[in-house]
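Our numbering numbers the first residue of the sequence shown as 10 and each following residue consecutively. In what follows, a structure is listed as structure tokens, so that the remarks can point back to it.
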Amino acid sequence: MGRVGVLAGQLFVEPVLWIGERRRDVDSQVPQARGGDRNEQSLDRHARTREIREPLRDQVPSRQVLELHGSILARRVASTIMALMLKTTPDHHDAELLIKVYDLRREAVLRQSRQAIQREFWPKSWDDVQAVLKADHPLNMAYRQAGTYWEMVYSFARHGIVHPGFWLENNAEGLFLYVKIEPYLAKVREAGQPIAFRNAEWVAKECPDGQPVYVRIKTRVAQLAAAR
């Protein structure tokens with residue numbers, strides 16, 4: 010079954026078992042009618058049921074609460090599975106992919122695009138970003154090429170193909186673009202790119218190896234922007 014299956018079972022099954030046990034606790038305290046006047050015992054049973062269940066009502070989750078808990082559990086499982094998927098030790102496959110990614114960065118057009126974004130793209134407002142999103146903007150091609158390249162690179166770490174710490178030692182440059190676009194990311198996604206910078210965002214916000222790199226680069230970008 011594996012670690013993922015066992016953990017998913019614990020996260021989903023245990024709360025359901027607890028709910029079932031609480032309901033059984035309530036039912037076990039309700040007296041059963043046996044012999045004699047069943048009508049009278051039935052009335053007594055209903056009265057006793059209300060008497061017992063009333064104080065326990067708040068202990069048994071409502072449908073809305075269960076649905077909310079189910080949503081929270083689903084997110085917990087997804088996050089945990091993603092964490093378990095991450096490689097814990099780099100190997101020669103990581104090294105081979107790293108060299109291939111580096112070779113791609115040496116390609117002339119991609120190099121020009123990366124340089125243009127690093128040197129010329131310093132948005133100060135949503136208008137600046139919105140302008141770059143238009144096909145006729147001088148930086149549009151560089152923005153699209155550099156952005157999609159780094160998203161591809163970071164997807165390897167996010168999906169557990171490579172070891173994140175090893176990968177980010179040599180691929181932190183893409184976070185410079187993410188930090189510049191981050192204040193306007195919600196609007197970029199609303200403008201028709203709903204998954205824009207999803208992998209860079211994961212590296213910056215959810216990856217333990219990526220979070221300190223993100224903080225360092227964010228500080229550096231702020232310093233460079235202030236000096237312009």
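The beta-carbon is built from N, C-alpha and C at its ideal position, and this holds for glycine as well.
Rounded separation between residue i and residue j - CA only
{"i": "residue 218", "j": "residue 161", "result": "18 Å"}
{"i": "residue 224", "j": "residue 186", "result": "14 Å"}
{"i": "residue 235", "j": "residue 118", "result": "29 Å"}
{"i": "residue 154", "j": "residue 140", "result": "16 Å"}
{"i": "residue 104", "j": "residue 121", "result": "25 Å"}
{"i": "residue 115", "j": "residue 108", "result": "11 Å"}
{"i": "residue 222", "j": "residue 182", "result": "10 Å"}
{"i": "residue 138", "j": "residue 132", "result": "6 Å"}
{"i": "residue 232", "j": "residue 201", "result": "31 Å"}
{"i": "residue 220", "j": "residue 227", "result": "10 Å"}
{"i": "residue 135", "j": "residue 178", "result": "31 Å"}
{"i": "residue 101", "j": "residue 158", "result": "22 Å"}
Proximal residues to residue i (C-beta, below 6 Å), its chain only, five neighbours per side dropped
{"i": "residue 166", "result": "173 and 176"}
{"i": "residue 205", "result": "197 and 198"}
{"i": "residue 180", "result": "162"}
{"i": "residue 99", "result": "172 and 175"}
Beta-carbon contacts of residue i that lie in its chain and below 7 Å, excluding the five residues immediately before and after
{"i": "residue 208", "result": "160, 163, 164 and 167"}
{"i": "residue 229", "result": "none"}
{"i": "residue 129", "result": "148"}
{"i": "residue 96", "result": "169, 171 and 172"}
{"i": "residue 143", "result": "149"}
{"i": "residue 237", "result": "131"}
Counted within 10 angstroms of its Cβ, other Cβ atoms place residue i as buried (16 or more) or exposed
{"i": "residue 44", "result": "The predicted position of residue 44 is uncertain, since its pLDDT is 49 and thus under 50; no value can be drawn from it."}
{"i": "residue 151", "result": "buried"}
{"i": "residue 195", "result": "exposed"}
{"i": "residue 156", "result": "buried"}
{"i": "residue 113", "result": "exposed"}
{"i": "residue 184", "result": "buried"}
{"i": "residue 111", "result": "exposed"}
Cutoff 8 Å; reference residue i; Cβ partners in own chain excluding five residues on either side
{"i": "residue 106", "result": "165, 170 and 171"}
Cβ-heavy atom distance, residue i to the ligand FMN, below 7 Å
{"i": "residue 215", "result": "Among the components of this structure there are no ligands whatsoever, and the ligand FMN is therefore not found."}
Would the stretch 176 to 195 count as touching the stretch 203 to 221 if we require 3 or more Cβ pairs under 8 Å? Result yes; three or more Cβ-Cβ pairs closer than 8 Å.
The stretch 118 to 127 / the stretch 141 to 152 touching (three or more Cβ pairs under 8 Å): Touching, per the Cβ criterion.
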